[in-house]
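Please read the structure below before turning to the comments.
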Amino acid sequence: MYEGMLANGFAPGGQLTTTTDVENFPGFPDGVTGPEMMDKFRSQSERFGTKIITETIARVDLSRRPFKFWTEGEEEESDYMTADTIILATGASAKRLSLPGEDTYWQSGISACAVCDGAVPIFRNKPLAVIGGGDSAAEEATYLTKYGSHVYVLVRRSELRASKIMAKRLTSHPKVTVLWNTVATECKGDGDLLQSLMIENIKTGETKELPVNGLFYAIGHEPATQLVLSQLDLDADGYIRTVPGTAQTSVKGVFAAGDVQDKRYRQAITSAGSGCMAALEAERLISEEEAEDETIPVEQVHVPAYGYLGADKE
């Protein structure tokens, strides 16, 4: 049995910890809160012998195997620990606008994932808003028409960045109104739930209050790849590139799972699946090399330009 180490900071991390209700994860027919789900994941992992180190990894050296890594506060050159394989599951965080009132209503009317949260009861048959002008915004707004009474899309420019087919689908939908040259300036509510947005037309300067019970950001995500900058192949958006159909990165023995390498699906269930793939691949590699006790040279792995799970071929 190979016993892994999970270095995740001082508490189970990830976007699930900021999610109030998870309705679409198998095995929870009545839903579950994000923090409760993370606690269950942690307990199950410990039950099978995982040693969980509640410290933050500050630095890694992937230049040779075994790989070296340092925790915060122990960053002298001689303070390193080693690992024959590393699975990077550092995730990604949704970009936010830091509007007044945003923190108050985050996950209480404000979200960055329509697929995750759109079906939650507080959004059903209510007016909703999406901020963004790309394909993601068009997809999320169209998706939300299944649940909301109407969807407003706030676009700060006079045109969409989305593909022609997505833009046409969005602008022709009877339950969608696109507000051009418009930005949100404040989130307002009753202290518990979001009830409206203050918006401004940046061309005319006109401001008004838009009654909505849900706000969804679709302005991109930031993958947490600071630890491996210049050490692994990343795509143009900063996501770790993997060999298609695997969790293998550009360095043999380093695997990536979850949102740090997936910018299409970004779901808890798909992250769990890619985590399983990475664990199986790491275990298989160690099994194949367990007879070797000398220092293992690092091998570079060719990753095609479209090499992340769920990528489109260029």
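In this text, residue positions in the sequence shown follow the numbering used here: the first is 842, and each later residue adds one. By construction, the Cβ of each residue, glycine as well, lies at the ideal position given by its N, Cα and C atoms. If you're wondering where the values come from, they're calculated on a predicted model, not measured in any experiment.
C-alpha gap between residue i and residue j, whole angstroms
| i | j | result |
| --- | --- | --- |
| Gly-1061 | Tyr-921 | 34 Å |
| Lys-936 | Glu-1063 | 7 Å |
| Ala-955 | Met-1039 | 21 Å |
| Thr-1018 | His-991 | 8 Å |
| Ala-960 | Glu-864 | 8 Å |
| Asp-976 | Ala-1097 | 25 Å |
| Tyr-843 | Glu-1124 | Residue confidence for Tyr-843 is low, a pLDDT of 31 falling below 50, so the modelled location carries little weight and cannot support an answer. |
| Pro-876 | Leu-857 | 7 Å |
| Cys-1117 | Asp-958 | 24 Å |
| Val-1024 | Ser-999 | 12 Å |
| Trp-1021 | Ala-933 | 29 Å |
| Cys-1028 | Lys-1104 | 27 Å |
| Glu-917 | Ala-899 | 11 Å |
| Ser-949 | Leu-1070 | 35 Å |
| Lys-1154 | Glu-1122 | Bear in mind that a pLDDT of 45 at Lys-1154, under 50, signals an unreliable position, so the number given afterwards is only what the model happens to contain. Approximately 23 Å, taken between the alpha carbons. |
| Glu-1047 | Glu-1041 | 6 Å |
| Met-1166 | Leu-1035 | There is simply no residue 1166 to check, as the chain begins at 842 and stops at 1155 in what is shown. |
| Ser-904 | Gln-1089 | 16 Å |
| Phe-851 | Ser-1115 | Residue confidence is low: Phe-851 scores 42 on pLDDT, short of 50, so the model does not pin down where it sits. Its coordinate-derived value is still stated next. If I take the Cα positions, the gap works out to 24 Å. |
| Gly-855 | Gln-885 | 17 Å |
| Gly-1055 | Val-971 | 8 Å |
Reduced DSSP category for residue i - H, G, I as helix; E, B as strand; rest coil
| i | result |
| --- | --- |
| Asp-902 | strand |
| Ala-1120 | helix |
| Pro-870 | coil |
| Ala-979 | helix |
| Glu-1130 | helix |
| Phe-889 | coil |
| Ser-919 | helix |
| Gly-1046 | coil |
| Gly-1030 | strand |
| Glu-1041 | strand |
| Leu-985 | helix |
| Met-878 | helix |
| Gln-1141 | strand |
| Val-996 | coil |
| Thr-931 | coil |
| Ile-1060 | coil |
| Pro-968 | strand |
| Ala-1008 | helix |
| Leu-1051 | strand |
| Thr-926 | coil |
| Ser-1115 | helix |
| Ser-952 | strand |
| Ala-1097 | strand |
| Gln-1102 | coil |
| Gln-1067 | helix |
| Thr-897 | coil |
| Thr-945 | helix |
Distance between beta carbons of residue j and residue i, contact taken as under 8 Å
| i | j | result |
| --- | --- | --- |
| Gly-973 | Tyr-1058 | 7 Å |
| Leu-929 | Val-1084 | That belief does not hold up - the Cβ atoms of Leu-929 and Val-1084 are roughly 14 Å apart, past 8 Å. |
| Arg-804 | Thr-983 | This structure cannot settle anything about residue 804, because the visible part of the chain is limited to 842 through 1155. |
| Pro-870 | Ile-1110 | Incorrect: roughly 14 Å between the Cβ atoms, too far for contact. |
Same chain, Cβ closer than 7 Å to residue i, five either side skipped, listed in chain order
| i | result |
| --- | --- |
| Ser-1091 | Leu-1073, Asp-1074, Arg-1082, Gln-1141, Val-1142 and Val-1144 |
| Thr-1045 | none |
| Leu-1126 | Thr-926 and Gly-1094 |
| His-1014 | Thr-983 and Thr-986 |
| Asp-1078 | Lys-1104 |
| Glu-943 | Arg-937, Ile-951 and Cys-1028 |
Contact set for residue i: own chain, Cβ-Cβ below 8 Å, skip 5 residues either direction
| i | result |
| --- | --- |
| Asn-966 | Tyr-988, Gly-989 and Ser-990 |
| Tyr-1080 | Ala-933, Pro-1064, Thr-1066, Val-1101, Gln-1102, Asp-1103, Lys-1104 and Tyr-1149 |
| Thr-945 | Cys-1028, Gly-1030 and Gly-1032 |
| Lys-1016 | Thr-986, Gly-989, Ser-990, His-991 and Val-992 |
Burial state of residue i, where buried means 16 or more other Cβ atoms lie within 10 Å
| i | result |
| --- | --- |
| Ile-951 | buried |
| Thr-897 | exposed |
| Phe-889 | exposed |
| Glu-915 | exposed |
| Thr-895 | exposed |
| Glu-980 | buried |
| Gly-1099 | buried |
Proximal residues to residue i (C-beta, below 6 Å), its chain only, five neighbours per side dropped
| i | result |
| --- | --- |
| Val-901 | Phe-910 and Leu-1068 |
| Lys-1093 | Glu-1140 and Val-1142 |
| Asp-1076 | Arg-1082 |
| Ala-953 | Ala-935 and Tyr-1058 |
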